[in-house]
Every structure is written in C-alpha cells, then in structure tokens.
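S.K.:
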Amino acid sequence: MMTWLTENTLVFGTWGVLAAVLLLPALEAALPLIGVLLPGQTAVVMGGVLAHHGRVPLGWIVVTALLGAVLGNGLGYAAGRRWNTRASGTSTYGSPCCPRCAASARGSTSSSPS
Numbered sequence: 000m001m002t003w004l005t006e007n008t009l010v011f012g013t014w015g016v017l018a019a020v021l022l023l024p025a026l027e028a029a030l031p032l033i034g035v036l037l038p039g040q041t042a043v044v045m046g047g048v049l050a051h052h053g054r055v056p057l058g059w060i061v062v063t064a065l066l067g068a069v070l071g072n073g074l075g076y077a078a079g080r081r082w083n084t085r086a087s088g089t090s091t092y093g094s095p096c097c098p099r100c101a102a103s104a105r106g107s108t109s110s111s112p113s
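In numbering that gives the first Met the number 0, the protein residues as written are 0 to 113.
Structural data, given as structure tokens:
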C-alpha cells in the first residue's frame, strides 16, 4: 500500500504529496468509509518518509498533516451536527424531534400528536 501511494503521489511532485497528506486525513475523519479503505495515517507516514529522503520539506508535511486533521474533524463534526436528527429520529437532547417521531416512540401508528 505504501509503495503504491508513494509512487502515485510522486507523479504529481511536491504538491501531490502535500495534497495527499492534507486530504487523506481530512477525508478519513469526515467520511469514515474513506478511512477504512485508505487510512490517513498512511499518508502522513508516507509524507514523513519522503521528507526524510529530501523529496518534500518536513515543515510543509507537518503543517499540511495538522491542517488535514483539524479540517477533517471540523467537517465530521459539522456533518454529524447537521444530519444527526435525520439519522436517529431524535433531537440532540434525546427527545423526539417531531410529532411523527414522538408518536412512533409511544408505539402509536398515527402521525398526529394526542
């Protein structure tokens, strides 16, 4: 995995490496499926190895990895905050978010509150 990632990012030069180090950790935190397929830590380690070999400046790798992690956590939080009520049917406080959800929680089949 590491060899494939390194070879394909080096095709795009320094900017390709920095984009991989920024985007993979960000997408891993925001979209968990991406993290299953290609963990963001792999890109950060790859960036560190390439910096060790003098292909990319280490400072740029550290900054882009940090920005990717912070950006991904922010995007993941925003997505959870935005779509949490739709996915679970409850508000952020655990109470039903609408009369239909309240009725289904009580076991009633009608969507009008009683």
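We put the beta carbon where it would ideally sit given N, CA and C, even for glycine.
Applying the 10 Å Cβ sphere with the 16-neighbour rule, what's the burial state of SER110?
M.R.: The predicted model places SER110 with a pLDDT of 49, which falls under 50 and marks its position as unreliable, so this point remains unresolved.
S.K.: If you measure between the beta carbons of PRO56 and ALA64, is that distance less than 9 Å?
M.R.: Against a cut-off of 9 Å, the Cβ pair of ALA64 and PRO56 comes out as no contact.
S.K.: Does the structure place the stretch 71 to 81 close enough to the stretch 23 to 34 that three or more beta carbon pairs sit under 8 Å?
M.R.: Flag = yes, the stretch 23 to 34 and the stretch 71 to 81 touch.
S.K.: Confirm, please, whether the CB-CB distance from PRO24 to VAL43 is below 9 Å.
M.R.: Yes, these two residues count as a Cβ contact at 9 Å.
S.K.: If you compare alpha carbons, which of ILE60, ALA68, THR13 is closest to PRO38?
M.R.: If we check each option's Cα against that of PRO38, ALA68 comes out closest.
S.K.: Straight-line CA distance for VAL16 to LEU26?
M.R.: Cα to Cα, VAL16 sits roughly 15 Å from LEU26.
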